[in-house]
Amino acid sequence: MRHLSKSQFLETRIGFFLLLVLLSLPLAVARSAESFDIQAELDQRQQHLNAFLQADDEAEKVRLVELAYASEKRLLEQNLPADLRRHLLDEHLGLMIFLADHFELRDVNREIALRQEIVERRIEWDGGNSHWETRLAKNQLRRAKFTNTLSDEQRRRLVRALEIFREGKQHQQDGQPELAISKLKECAAIHQDLLGPEYINTAFALRAYVDAMVTVERGGEAFEEAKLAAEIAYRALGQSPVVAGALADCANCLMQRGDAKWAATMQQHALRMSQAVLGEEHEQTITQLNNLAYFLSETDDLEKAFQVAKSAGMAFEKMGDKRAIAENANLTGTIAMKLDHHEEAYAAFVQAARMQEQIQGPQAFEVAVAWGNASQAATRRREISEALVFSQKSLSIIDATIGRNDPRAAQILIQHASVLRKLGRMKEAAPLVERACDLLARQHGTDHPSYALATLDLAVIQFERGQRQLAESTVLNSVEVFETRLGPKSWAFAVAMSRLAQLQAKNQERDLARQAIEVAGTIAAESLSQDHPEYASFLSRAGDVYSDLGEHGLAKATLNQAVGLIEEKYGSRHPEYARTVSQLGNVLLETDERTRGAELVEVGERLLLEALGESHPQVFEAMNNVARAHRLLGDPTTAIAELTNLEQKVRQELGDDNEIYADVLLEMGRSLLLTGDQQAAEDALLKAAQIATDQLGDRNEDARQALELIALLREKGTAGLTNEVLLRVEKKVQRDLAKAAETELDEFARRHQRVTDLMNRVVR
1 MRHLSKSQFL ETRIGFFLLL VLLSLPLAVA RSAESFDIQA ELDQRQQHLN
51 AFLQADDEAE KVRLVELAYA SEKRLLEQNL PADLRRHLLD EHLGLMIFLA
101 DHFELRDVNR EIALRQEIVE RRIEWDGGNS HWETRLAKNQ LRRAKFTNTL
151 SDEQRRRLVR ALEIFREGKQ HQQDGQPELA ISKLKECAAI HQDLLGPEYI
201 NTAFALRAYV DAMVTVERGG EAFEEAKLAA EIAYRALGQS PVVAGALADC
251 ANCLMQRGDA KWAATMQQHA LRMSQAVLGE EHEQTITQLN NLAYFLSETD
301 DLEKAFQVAK SAGMAFEKMG DKRAIAENAN LTGTIAMKLD HHEEAYAAFV
351 QAARMQEQIQ GPQAFEVAVA WGNASQAATR RREISEALVF SQKSLSIIDA
401 TIGRNDPRAA QILIQHASVL RKLGRMKEAA PLVERACDLL ARQHGTDHPS
451 YALATLDLAV IQFERGQRQL AESTVLNSVE VFETRLGPKS WAFAVAMSRL
501 AQLQAKNQER DLARQAIEVA GTIAAESLSQ DHPEYASFLS RAGDVYSDLG
551 EHGLAKATLN QAVGLIEEKY GSRHPEYART VSQLGNVLLE TDERTRGAEL
601 VEVGERLLLE ALGESHPQVF EAMNNVARAH RLLGDPTTAI AELTNLEQKV
651 RQELGDDNEI YADVLLEMGR SLLLTGDQQA AEDALLKAAQ IATDQLGDRN
701 EDARQALELI ALLREKGTAG LTNEVLLRVE KKVQRDLAKA AETELDEFAR
751 RHQRVTDLMN RVVR
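Here my numbering is used: position 153 in the sequence shown is 153, and no number is missing along the way.
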């Protein structure tokens, strides 16, 4: 995303850089002046400016600008054609601003004289006093006169502030953000102390500090400074690009504080001001429009965000700014994914990746990010093979450039791990997620939302490894970070709370799980409309919680609601509808509605097969669920036939070293037990245990289930085995794992107290 705030501090210098536009002023225009002396003066001025561009020494640059400035003063005293005079006046303003800035605090009287002339020339240029640049010039003149009243010591402090500012900006460029923040904060403090809120320089200094904080995603801590900068700028200049930029700073800070709705509102104010002052087609206005799309995308107004992003994209296309087009395509793709417009997201991300390759070269970091995003879109399109190709491409660029120890690699590692997890390759995915979390901790600290979000993925892996206490502690840490940094009403907090409830339910912490999911539900209902994609995802997690707590009535009601919402939004052919129907069917299989549950599981399998094709991992999982349903209905023979076919497909498509294959073998072993084929059952269960252990360690639930069944088989044989006996074994393993979580590292009591305290704070 493009942030205007990164360049606003130097807006007083804009006029000077405009002189570059006319360095190649057409001779036909220059020669419109009839006087030979005028032409000679124009030529001499041009020589000075050309020499300035070649000079390296600051003193020499100042000398050449002084000569060009004197030449322009002589020219402006002549009777010039109107167009030439206006061009020269614009250039003259730029040179005067350069000189005034140079003499600031070095030669106060010279600065005051230059600032006075700038005011006069601006009034001539603007045709009056109302233009914001005229007001800026007047404010700078007043500040120069005020500086002349300060003591020598106070002026020395202001000189030091300018030096500190340059040091801070250099630290920013050198990738030393903490040093930059320290310097720029000190610079802003000096300006506040000595100049106060009357002068625009204080606003510029504050904005430089805010920009440094936003760059490292700590803008939430700098909102008051951003707000003060906007207030100072508005009092000094009124409606202006400077104030619009300051309002955009406020929006960035609010966004990083977790208040997306207020951020979007603030950004709308910034956009309207840019439109009023600069017009619809100005780059700053279009950038403000693009930023508004980003802020809206973090609220529940996704459709509006999508339309705004597309409008900004068309404007950037008209400008021909390839870099901006690529960045906008990335944003548009992100919003499209949130709306489940997966085809549009895919097209946007691939466009961004290819454009970044043209702009940056095929091995640039930005290209790696773009292909990582394309991998996400391919995943959402259920094109897992293509998603893997894109994520591998992204990771190969990282390996060839910045390496996996650079914090910027974190999101690439997480995306590649996500694809591997969908393929059941947990053994490969786990270290990538762990490395990403370590990188984010090093970059931001463990109390940062980006780190907390990544650790939610880590907790899933920890849980599946059987590290239940560690997983719950990891999620609890994330919950507390979101509470502190984003607030207890934020969507991130609600998601983390629902994840915490899932773990607590599996660990049979019944009261805590129920309270956590209720809190998460309240936040979800307040912050999201029911047709928002994330709301259905929340209902799905809530259904898991109630099912694990044995509250099948609540689970059924919750999942029925989710199915209805998804069908209304996407239709009954959508993969998410099929997945949720299957989830509901699995819940009913645990009740006396087994027949209805089996029917729903079969419907889910059929719909997923139609939507995703027969080689997709989600289809394999659905097929496994159908076989399980047939076993639970008392037909293990049919289940074995289905599982035999499925085992061959999984081995052919994914190999035999993944979690999905282990799940198929585990279900095969259960069905074989019921048919009395003891040796085949033991072989399947042993292989399932070996694969699950290899992927996730020997504390993994699947491995424990398989080993427990083998022990039962060797002790008692297959006689008398029923689905009820197998179910008791499943529940026993789950209880044993939950009990182990209570005693592990003597952490349970402390964690329980932390959760209780958290609930008291949130409910209160």
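Yeah, the Cβ is synthetic: ideal placement off N, Cα and C, and Gly gets one too.
{"Query": "How many angstroms separate the CA atom of ARG143 from the CA atom of GLU153?", "Result": "17 angstroms"}
{"Query": "Is the beta carbon of LEU589 closer than 8 angstroms to that of ALA578?", "Result": "no"}
{"Query": "Under 8 angstroms: do the region 300–310 and the region 324–343 share three or more Cβ pairs, one atom per stretch?", "Result": "yes"}
{"Query": "Smallest Cα separation from GLY720: which of ARG704, GLY676, GLY219?", "Result": "GLY676"}
{"Query": "Terminal residues of the continuous alpha helix (DSSP H) containing VAL216?", "Result": "That residue, VAL216, is in no alpha helix (DSSP H); it is neither H nor E in DSSP."}
{"Query": "What's the call for ASP399, buried or exposed, on a 16-neighbour Cβ count within 10 Å?", "Result": "exposed"}
{"Query": "Can you look up LYS489 in the DSSP assignment and give me helix, strand or coil?", "Result": "coil"}
{"Query": "Does the Cβ of LEU53 have 16 or more other Cβ atoms within 10 Å, making it buried, or fewer, making it exposed?", "Result": "exposed"}
{"Query": "Leaving aside the five residues before and after ALA370 along the sequence, list all residues of the same chain whose C-beta is less than 7 angstroms from its C-beta, in chain order.", "Result": "ASN330, PHE349, ALA352, ALA353, GLN356"}
{"Query": "Might you give, ordered along the chain, the residues of its own chain that have their beta carbon closer than 6 angstroms to the beta carbon of THR533, omitting 5 neighbours on each side?", "Result": "Checking the sequence shown, residue 533 turns out to be Pro, not Thr. ASP340, listed in sequence order."}
{"Query": "At 4 residues or longer, and completely inside the region 51–98: list those alpha helix (DSSP H) runs for me, N to C.", "Result": "58–76"}
{"Query": "Mapping the DSSP letters down to three states, classify THR446 as helix, strand or coil.", "Result": "coil"}
{"Query": "For ILE397 and GLN256, I'd like the C-alpha separation in whole angstroms.", "Result": "29 angstroms"}
{"Query": "Note down, in chain order, each residue of its chain lying with its Cβ closer than 7 angstroms to the Cβ of VAL243, except the 5 sequence neighbours on either side.", "Result": "ALA230, ALA233, TYR234, LEU237, MET273"}
{"Query": "When you compare only the Cα positions, how much space is there between ALA387 and LYS138?", "Result": "58 angstroms"}
{"Query": "Is GLY372 helix, strand or coil when you go by DSSP?", "Result": "helix"}
{"Query": "Candidates ASN723, GLU715, LEU696, VAL729: which alpha carbon is nearest ALA706's?", "Result": "VAL729"}
{"Query": "Mapping DSSP to helix, strand and coil, what is ALA364?", "Result": "coil"}
{"Query": "Taking only beta-carbon atoms, is CYS187 less than 8 angstroms away from chain B?", "Result": "Among the protein chains of the structure shown there is no chain B, as only one such chain exists."}
{"Query": "Assign MET314 to buried or exposed, taking buried as 16 or more other Cβ atoms, counted over all protein chains shown, within 10 Å of its Cβ.", "Result": "exposed"}
{"Query": "For the region 454–528, list the alpha helix (DSSP H) runs that are entirely contained and at least 4 residues long, ordered along the chain.", "Result": "468–485, 491–506, 510–527"}
{"Query": "Distance check for THR332 and GLY543, CA to CA, integer angstroms please.", "Result": "32 angstroms"}
{"Query": "To the nearest angstrom, how far is it from the Cα of HIS282 to the Cα of TYR546?", "Result": "54 angstroms"}
{"Query": "Compute the beta-carbon to beta-carbon distance between LEU632 and ARG594, rounded to the nearest angstrom, for a pair I have assumed lies under 8 angstroms.", "Result": "6 angstroms"}
{"Query": "Hey, LEU453 and THR474: beta-carbon distance below 8 angstroms or not?", "Result": "no"}
{"Query": "Only counting the same chain, and skipping five residues up and downstream in sequence, which positions put a Cβ closer than 6 angstroms to that of ASN290?", "Result": "ALA312, ASN328"}
{"Query": "Restricting to runs no shorter than 4 residues, where is the alpha helix (DSSP H) found entirely within the region 584–619?", "Result": "594–612"}
{"Query": "Nearest to ALA611 by CA position, among ARG380, ILE461, GLU667, LEU643, is which residue?", "Result": "ARG380"}
{"Query": "Below 8 angstroms between beta carbons: does that hold for GLU167 and LYS185?", "Result": "no"}
{"Query": "Decide if ALA525 is buried, meaning its Cβ has at least 16 other Cβ atoms within 10 Å, or exposed.", "Result": "exposed"}
{"Query": "In or out: ASN625 buried (at least 16 other Cβ within 10 Å) or exposed?", "Result": "buried"}
{"Query": "Mapping the DSSP letters down to three states, classify ALA719 as helix, strand or coil.", "Result": "coil"}
{"Query": "If you pair each beta-carbon of the region 439–450 with each one of the region 422–429, do three or more pairs fall below 8 angstroms?", "Result": "no"}
{"Query": "Would you kindly check if the distance between the Cβ of VAL62 and the Cβ of HIS92 is under 8 angstroms?", "Result": "no"}
{"Query": "Have a look at VAL277 and THR285 and give me their C-alpha separation to the nearest angstrom.", "Result": "9 angstroms"}
{"Query": "Residue range of the alpha helix (DSSP H) that ASN700 falls in?", "Result": "ASN700 -> no alpha helix (DSSP H), and no H or E assigned at all."}
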